[in-house]
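So the number in this note's numbering is just where the residue sits in the sequence shown, counting from 1, plus 17.
We put the CB at the ideal spot given by N, CA and C, even for glycine.
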Amino acid sequence: MSGHANSLKAIFLALGANFAIFLAKTVAAVMTGSGAMAAEAVHSLADCGNQGLLLLGMRQAKRPASDEYPLGWGRALYFWSFLVAILLFSVGGMFSVYEGVHKFSHPEPLKWPWLALGVLVFGIVAESFSMRGCMQEVNKARGAQNLWTWFRETRSSELLVIFGEDLAALAGLCLAALAVGATMLSGNLMYDALGTVAIGVLLLVVAVMLAIEVKALLIGQGVEPRRRAELFAFLQNRPEVAEVLNLITLQMGPDVMVAVKARMHPAPSDRALIDAINIVEAAMKTEFDDIRWSFFEPDVTD
């Protein structure tokens, strides 16, 4: 079973790194006139907004259940994660592409290119710390899974978005450094424009990939396949259960809803059957502490 990742830690690491990088990039973009640097500054500012929306989503997800929202607010986190993926990533990507195209038709000479490179190196170092912290939490969550499988199957939308953001930010910084360096060495301003467009395309690709994954959570995915297999095996091995006939799960942000239909071993009375079901549910919630709601139906066929 995988460990529990600390998504909040990853978000605050990314927020601190991105705000520091945004300030440095903004100063450098104004002084150098680099389109790639301006695109990166906008990207870092958008990233700060990303973390703010994720924090808002995590806060809303903790709201208690009510008659109007009987299963709580957990899936609010998916809504804000989807907005991060679509609005901020895509807007940042489209702005970068626009800025790059504008630089093709209206090239401007770089000013203080060494300052630009210095800021980019600082950004790469800061973003590497953020990425390292994010990967520590991702590794806790994915266990023995490879990174791609975790990306496709994780139900932690906030950690997924932070991972995509940090990856795109680090790659974007490297692209900007290459663009500025190539422009300095060759004197050809087209490299700066190409770098800006490349950053935009990178952000758009990441936005689409994240949107696809978070969309599935918004529609209503169950728990991860490995998690469901663990839960099914746990129920099947309970001495009170003769056979698990059906198991339905629904991921509700940090919480899980479970519906079980099972054939129980014969009980001497109705009360004994009810007690057996209660014992199974209590043991299930102890073993899988993210299960908040459980519905158990004894039956003989599915």
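{"Asked": "The beta strand (DSSP E) enclosing ILE294, as first and last residue numbers", "Found": "Looking at the DSSP string, ILE294 is not in any beta strand (DSSP E); the run it does join, the alpha helix (DSSP H), is 287-304."}
{"Asked": "Euclidean distance between Cα positions of VAL108 and ARG244", "Found": "35 Å"}
{"Asked": "Proximity of VAL136 and LYS42 at Cβ, strictly below 7 Å", "Found": "yes"}
{"Asked": "Nearest to LEU234 (by Cα), restricted to the options PHE36, ALA93, TYR86 and PRO315", "Found": "ALA93"}
{"Asked": "Cβ contact check for the stretch 167-184 and the stretch 194-201: 3 or more pairs under 8 Å", "Found": "no"}
{"Asked": "Alpha carbon of ARG309 to alpha carbon of GLY140, nearest angstrom", "Found": "41 Å"}
{"Asked": "Backbone secondary structure at ASP316 - three-state DSSP", "Found": "coil"}
{"Asked": "Cut-off 6 Å between Cβ atoms - residues of its own chain near SER312, not counting five sequence neighbours on either side", "Found": "Reading the sequence as shown, one finds Phe at residue 312 and not Ser. Taken in chain order, the residues that qualify are ALA276."}
{"Asked": "Residues near GLU314 by beta carbon distance below 8 Å, same chain, minus five either side", "Found": "ALA276, VAL277, LYS278 and ALA279"}
{"Asked": "Cβ separation of LEU71 and ILE28, assumed to be a contact under 8 Å, to the nearest whole Å", "Found": "6 Å"}
{"Asked": "Inter-stretch contact (C-beta, 8 Å, three-pair minimum) for the stretch 284-298 and the stretch 252-261", "Found": "yes"}
{"Asked": "ALA45 versus GLN153: straight-line alpha-carbon distance, rounded", "Found": "31 Å"}
{"Asked": "Contact under 7 Å by Cβ, VAL240 with GLN268", "Found": "yes"}
{"Asked": "Within the stretch 188-272, ranges of the alpha helix (DSSP H) (whole runs, at least 4 residues)", "Found": "207-236 and 242-253"}
{"Asked": "7 Å Cβ cutoff met for LEU262 and ASP319", "Found": "yes"}
{"Asked": "Buried or exposed by the 16-neighbour rule on C-beta atoms within 10 Å, applied to VAL138", "Found": "exposed"}
{"Asked": "ALA193 to ALA133 span [Cα, whole Å]", "Found": "9 Å"}
{"Asked": "Where the alpha helix (DSSP H) through LYS120 begins and ends", "Found": "106-122"}
{"Asked": "Close-in-space but distant-in-sequence residues of the same chain around ASP272 (CB under 7 Å, 5 per side omitted)", "Found": "GLY89, GLY91, ASP307 and ARG309"}
{"Asked": "Under 7 Å between C-beta atoms of VAL117 and THR266", "Found": "According to the sequence as given, residue 117 is Gly; it is not Val. No. Outside cutoff."}
{"Asked": "Beta-carbon proximity of LEU220 to ALA188, cut-off 7 Å", "Found": "no"}
{"Asked": "Same chain, Cβ closer than 6 Å to GLN68, neighbours up to 5 away in sequence not counted", "Found": "ILE28, ALA31 and LEU32"}
{"Asked": "Buried/exposed call for PRO293, threshold 16 Cβ in 10 Å", "Found": "Contrary to the premise, residue 293 reads as Ala rather than Pro in this sequence. The residue is buried, with at least 16 neighbouring Cβ atoms inside 10 Å."}
{"Asked": "Backbone secondary structure at TRP165 - three-state DSSP", "Found": "helix"}
{"Asked": "Proximity below 7 Å, CB of ASP183 to CB of MET226", "Found": "no"}
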